[in-house]
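Visitor:
Protein chains: 2
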Amino acid sequence: MPTQPLARLSAAEAVFNAIRADIESGTVAVGGKLSSEASLSQQYGVSRSVIREALRSCTALGLTVTKTGKGTFVVANKVANDLTLGHYSAGDLTEARPHIEVPAAGLAAVRRTEDELGTMRHIVAAMITETDPESWVALDSSFHAAIARASGNKVFASVVADIRGALAFQSETLNMVAARQHASDSEHQRILAAIEAGKADEASHAMAEHLRAVGVALDSILNH
Amino acid sequence: MPTQPLARLSAAEAVFNAIRADIESGTVAVGGKLSSEASLSQQYGVSRSVIREALRSCTALGLTVTKTGKGTFVVANKVANDLTLGHYSAGDLTEARPHIEVPAAGLAAVRRTEDELGTMRHIVAAMITETDPESWVALDSSFHAAIARASGNKVFASVVADIRGALAFQSETLNMVAARQHASDSEHQRILAAIEAGKADEASHAMAEHLRAVGVALDSILNH
DNA sequence: CTGTCCGGCTGTCTGACAGGTTCACGCTTA
DNA sequence: TAAGCGTGAACCTGTCAGACAGCCGGACAG
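Same order as they appear, the protein sequences are chains A and B. Residue numbering for the first sequence is 1 to 224, as defined by our numbering. Residue numbering for the second sequence is 1001 to 1224, as defined by our numbering.
#1: Give me the DSSP bridge partner(s) of Val65/A.
#2: Met120/A and Leu192/A - do their beta-carbons sit closer together than 7 Å?
#3: Is His188/A buried or exposed, if buried means 16 or more other CB atoms sit within 10 Å of its CB?
#4: What is the DSSP secondary structure of Lys1033/B, reduced to helix, strand or coil?
#5: If contact means a Cβ-Cβ distance below 7 Å, which residues of the stretch 1149-1160 of chain B contact chain A?
#6: Work out the CA separation of Ile1147/B and Val1124/B for me, nearest whole Å.
#7: Does the beta carbon of Ala96/A sit closer than 7 Å to a beta carbon anywhere in chain B?
#8: Count the other C-beta atoms from every protein chain shown that fall within 10 angstroms of the C-beta of Lys1067/B, then say buried if there are 16 or more, exposed otherwise.
#9: Report yes if the CB atom of Thr27/A is closer than 7 Å to the CB atom of Leu55/A, and no otherwise.
#10: Using the Cα positions of Leu162/A and Ala104/A, report the straight-line distance between them to the nearest angstrom.
#11: Which chain A residues sit within Cβ distance under 7 Å of His1099/B?
#12: Looking at C-alpha atoms only, which residue of Glu1037/B, Leu1061/B, Ala1060/B and His1099/B is the closest neighbour of Val1050/B?
#13: Spatial neighbours of Ser204/A within its chain, please: C-beta separation below 6 Å, excluding the five flanking residues on both sides.
#14: Leaving out the 5 sequence neighbours to the left and right, which residues in its chain are closer than 6 Å to Val1030/B when beta-carbon positions are compared?
#15: Just checking my contact of Ala1194/B with Val1110/B at CB under 8 Å: how many whole Å lie between their CB atoms?
#16: Using a Cβ-Cβ distance under 7 Å, would Tyr44/A count as near chain B?
#17: For Thr1059/B, count neighbouring C-beta atoms within 10 Å of its own C-beta (all shown protein chains included) and say buried if the count is 16 or more, exposed if not.
#18: If you run the structure through DSSP and keep just helix, strand and coil, what is Ala1014/B?
#19: Assuming contact is defined by CB atoms lying nearer than 7 Å, are Phe1143/B and Ile1100/B in contact in what I supplied?
#20: Throw me the rounded Cβ distance for the Val1046/B and Val1015/B pair, which I believe falls under 8 Å.
#21: Using a threshold of 7 Å, state whether the C-beta atoms of Ala145/A and Ala108/A are closer than that.
#22: Between the C-alpha atoms of Asn153/A and Gly1062/B, what's the straight-line distance to the nearest angstrom?
#23: Can you tell me where the alpha helix (DSSP H) holding Gly198/A begins and where it ends?
#24: Could you check how far apart the C-beta atoms of Arg180/A and Val214/A are, in whole angstroms? I think they sit under 8 Å.
#25: Could you tell me the boundaries of the alpha helix (DSSP H) in which Glu1095/B lies?
#26: Could you tell me the distance, in whole angstroms, from the CA atom of Ser141/A to the CA atom of Gly91/A?
#27: Using a cut-off of 7 Å between C-beta atoms, extract the partners of Asp162/A located in chain B.
#28: Using a Cβ cut-off of 7 Å, pull out every chain B residue sitting near Ser41/A, in sequence order please.
#29: Measure from the C-beta of Asp92/A to each C-beta in chain B and report whether the shortest distance is under 7 Å.
#30: Below 6 Å CB to CB, which residues in the same chain sit around Arg1048/B once its five sequence neighbours on both sides are set aside?
#31: Using 10 angstroms around the beta-carbon of Ala1012/B, count the other beta-carbons present and answer buried if the total reaches 16, otherwise exposed.
#32: State buried or exposed for Ser39/A, treating a residue as buried only when at least 16 other CB atoms are found within 10 Å of its CB.
#33: Got a sec? Which residues, its chain only, sit under 7 Å from Ile1128/B by beta carbon, not counting five neighbours each side?
#34: Sort Glu1024/B, Ala1208/B, Ser1057/B and His1182/B by Cα distance to Thr1131/B and report the nearest one.
#35: For Leu34/A, collect the residues of the same chain with a Cβ closer than 6 Å to its Cβ; drop the 5 residues on either side in sequence, then sort them by chain order.
#36: Would you say Leu139/A and Ala126/A are within 7 Å of each other, going by their C-beta atoms?
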């Protein structure tokens, strides 16, 4: 790449870099909320337009999600490499997930390391005590991603990481959480138990059942 | 189209999607210049702020660059996605592909458009007369990618596009081609016929059989 | 050929209003 | 009285209109 003579940054670029740095360095945690546009505007000494353009850049890179009336939330601490096809629809996800996560769960039961098991245990435990829906959803996607990684197959791991990003963009997910949280918790525990026990069929089955239940719940919301 | 966006798009998102589509479809050529913010604003019937936010998103994705006093120029027709290519092992691919491509073939049989069918026919026809192994492999991956796109599910389309990149880097595939080319051609024809006929089960079955055969052939080479 | 000027474009600011979200306060009801 | 309800205020994002400065390229005059 040809290095160009240090172009002077526009204010919007400077603000974007600052916010991005805050996110990638962990100064603002994943799941956390950024200050409001108005206060960022004051903090950086620029107008709200500039702040909004910077936030758009973050959103385009998949780092943040902005919700009307609520604020801007951090959903990833690094740029994902799956931006090519845009975001998946809820229908696409519901349709595709079983084909990927069910076999992944089966493989995870056979291949998981102790470290991976520890991660999963930690996540499931945290979910049970978590009351904030946004945080819970973040943990949920972490759990599914952890299983895919534990499958030892990078294709599965990559797809689920993809899906994880897409889920964060779907507000339906959040709406569904309140009703599904308890049921999901126990379903997760069953999946984890099967993976711990090294029982592939059970893990696959538990995952299939979980995804089916989630699909039904989502469906009832979307067609309500 | 079975699955469509369920979430209401904000104006900025809608404009972003439109501009991105123009770029990715080639309506605006790489190297070309977009209309000025003012005229885009008029064209889409939104304020300049909205246009600027959409352009920021394009810039963040690396599709465009904006130069003060000159305008916004297209520098790429797709989002760069360098990080995932070629990361998957042959074993990962053999293991994961059936779980994705088999259901995708089934869906394609039900959802494919005439255009997509035409593309697939063209590819299969070209493969039969193709003698150069490299070109044949390129067509092969195009065929699999076309089926995934025709499934109408972006998750499947994305994964197979990914896999396609990885396949091109695997020399085993090339070594295998000589022996498999003829068999693959007829397997492809069977898959295509089932998709043309709209028979989902047959399409899935033909794809499963094809992938199994490929897997066996690959295995015999790797363990030789 | 050169220097100047003008028209077009981006960068940024200000101020305003609509509509979504949250929460507490006060009123209703069992 | 206590639990529940709803209603409005405060805060937030989404969008708009208008304005001005600075950059860029080309036209035009010297």
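Just so it is clear, CB atoms sit at the ideal spot from N, CA and C, and this is done for glycine as well. All figures in this text were calculated on a predicted structure; none of them were measured in a lab.
Guide: According to the structure shown:
#1: Along the first sequence, read from residue 1 onward, the residue named residue 65/A stands at position 65. According to DSSP, Val65/A bridges with Phe73/A.
#2: Position 192 of the first sequence, counting from 1, holds the residue named residue 192/A. Position 120 of the first sequence, counting from 1, holds the residue named residue 120/A. Cβ atoms of Leu192/A and Met120/A: closer than 7 Å.
#3: Your numbering for residue 188/A matches position 188 in the first sequence. Per the 10 Å Cβ criterion, buried.
#4: What you label residue 1033/B is simply residue 33 of the second sequence in a count that begins at 1. Residue state, collapsed to three classes: strand.
#5: Listed in sequence order: Asn1153, Lys1154, Val1155, Phe1156, Ala1157, Ser1158 and Val1159.
#6: Position 124 of the second sequence, counted from the start, is the residue given in the question as residue 1124/B. Position 147 of the second sequence, counted from the start, is the residue given in the question as residue 1147/B. Approximately 12 Å, taken between the alpha carbons.
#7: Here residue 96/A refers to the residue found at position 96 when the first sequence is read from its first residue. At least one CB of chain B lies nearer than 7 Å to the CB of Ala96/A.
#8: Residue mapping note: residue 1067/B aligns to position 67 of the second sequence, counting from 1. Counting Cβ neighbours within 10 Å, Lys1067/B comes out exposed, since fewer than 16 surround it.
#9: Counting from 1 along the first sequence, the entry for residue 27/A is found at position 27. Counting from 1 along the first sequence, the entry for residue 55/A is found at position 55. When the beta-carbon positions are compared, Thr27/A and Leu55/A stay at least 7 Å from each other.
#10: Taking the first sequence and counting its residues from 1, the one referred to as residue 162/A is at position 162. Taking the first sequence and counting its residues from 1, the one referred to as residue 104/A is at position 104. Residue identity check: residue 162/A is Asp in the sequence provided, not Leu. Rounded to the nearest angstrom, the two C-alpha atoms are 15 Å apart.
#11: The sequence position of residue 1099/B within the second sequence is 99, counting from 1. Here the neighbours are His99, Ile100 and Pro103.
#12: What you label residue 1050/B is simply residue 50 of the second sequence in a count that begins at 1. The shortest C-alpha separation from Val1050/B is found at Glu1037/B.
#13: Taking the first sequence and counting its residues from 1, the one referred to as residue 204/A is at position 204. Short of 6 Å from the beta carbon of Ser204/A, and not among the five residues preceding or following it, lie these beta carbons of its own chain, in chain order: Val102, Ala105 and Gly106.
#14: For this step, residue 1030/B is matched to residue 30 along the second sequence. Cβ neighbours of Val1030/B beyond the five flanking positions: Val1074 and Asn1077.
#15: Mapped onto the second sequence, residue 1194/B falls at position 194. Mapped onto the second sequence, residue 1110/B falls at position 110. Separation of the CB atoms of Ala1194/B and Val1110/B is rounded to 11 Å, and the pair is thereby denied contact status at 8 Å.
#16: As a working mapping, residue 44/A is identified with position 44 in the first sequence. For Tyr44/A, the answer is no, since every Cβ of chain B falls outside 7 Å of its Cβ.
#17: The residue given as residue 1059/B occupies position 59 in the second sequence. Buried, by the Cβ-count rule.
#18: Within the second sequence, residue 1014/B is the residue found at index 14, counting from 1. Correct three-state label for Ala1014/B: helix.
#19: By one-based count along the second sequence, residue 1143/B stands at place 143. By one-based count along the second sequence, residue 1100/B stands at place 100. No, these two residues do not count as a Cβ contact at 7 Å.
#20: Locating residue 1046/B in the second sequence gives position 46, counting from the first residue. Locating residue 1015/B in the second sequence gives position 15, counting from the first residue. Between Val1046/B and Val1015/B the beta-carbon gap is near 6 Å, inside 8 Å, which marks them as a contact.
#21: Taking the first sequence and counting its residues from 1, one reaches residue 145/A at position 145. Taking the first sequence and counting its residues from 1, one reaches residue 108/A at position 108. Cβ atoms of Ala145/A and Ala108/A: not closer than 7 Å.
#22: Sequence index remark: in the first sequence, residue 153/A carries index 153 (1-based). Sequence index remark: in the second sequence, residue 1062/B carries index 62 (1-based). Using only the alpha carbons, I get a separation of about 30 Å.
#23: Residue 198/A sits at position 198 when you count from the first residue of the first sequence. For Gly198/A, no alpha helix (DSSP H) segment is defined, and its DSSP state is neither H nor E.
#24: On the first sequence, position 180 is the one that residue 180/A refers to. On the first sequence, position 214 is the one that residue 214/A refers to. Between Val214/A and Arg180/A the Cβ distance is about 7 Å, and since that is below 8 Å, they are a contact.
#25: The count along the second sequence starts at 1 and reaches residue 1095/B at position 95. Taken as a continuous stretch (DSSP letters only), the alpha helix (DSSP H) holding Glu1095/B covers Ala1090 to Arg1111.
#26: For the purposes of this step, residue 141/A is taken as the residue at position 141 of the first sequence. For the purposes of this step, residue 91/A is taken as the residue at position 91 of the first sequence. Cα-Cα distance, rounded: 17 Å.
#27: Taking the first residue of the first sequence as 1, we reach residue 162/A at position 162. The answer, in chain order, is Ser1158.
#28: As a working mapping, residue 41/A is identified with position 41 in the first sequence. Ordered by position in chain B, no residue passes the 7 Å Cβ test against Ser41/A, which lies about 14 Å from the chain.
#29: Walking along the first sequence from the start, residue 92/A turns up at place 92. Closer than 7 Å: yes.
#30: Taking the second sequence and counting its residues from 1, one reaches residue 1048/B at position 48. Result list for Arg1048/B: Glu1037 and Ser1041, in chain order.
#31: Taking the first residue of the second sequence as 1, we reach residue 1012/B at position 12. The residue is buried, with at least 16 neighbouring Cβ atoms inside 10 Å.
#32: As a working note, residue 39/A is residue 39 in the first sequence. That one is exposed.
#33: The residue given as residue 1128/B occupies position 128 in the second sequence. For Ile1128/B, where only same-chain residues beyond five positions count, the Cβ hits under 7 Å are Asp1185.
#34: Your numbering for residue 1131/B matches position 131 in the second sequence. Thr1131/B has its Cα closest to that of His1182/B, out of Glu1024/B, Ala1208/B, Ser1057/B and His1182/B.
#35: The residue you call residue 34/A lines up with position 34 of the first sequence. For Leu34/A, where only same-chain residues beyond five positions count, the Cβ hits under 6 Å are Thr72.
#36: On the first sequence, residue 139/A is found 139 positions in, with the first residue counted as 1. On the first sequence, residue 126/A is found 126 positions in, with the first residue counted as 1. Less than 7 Å separates the beta-carbon of Leu139/A from that of Ala126/A.
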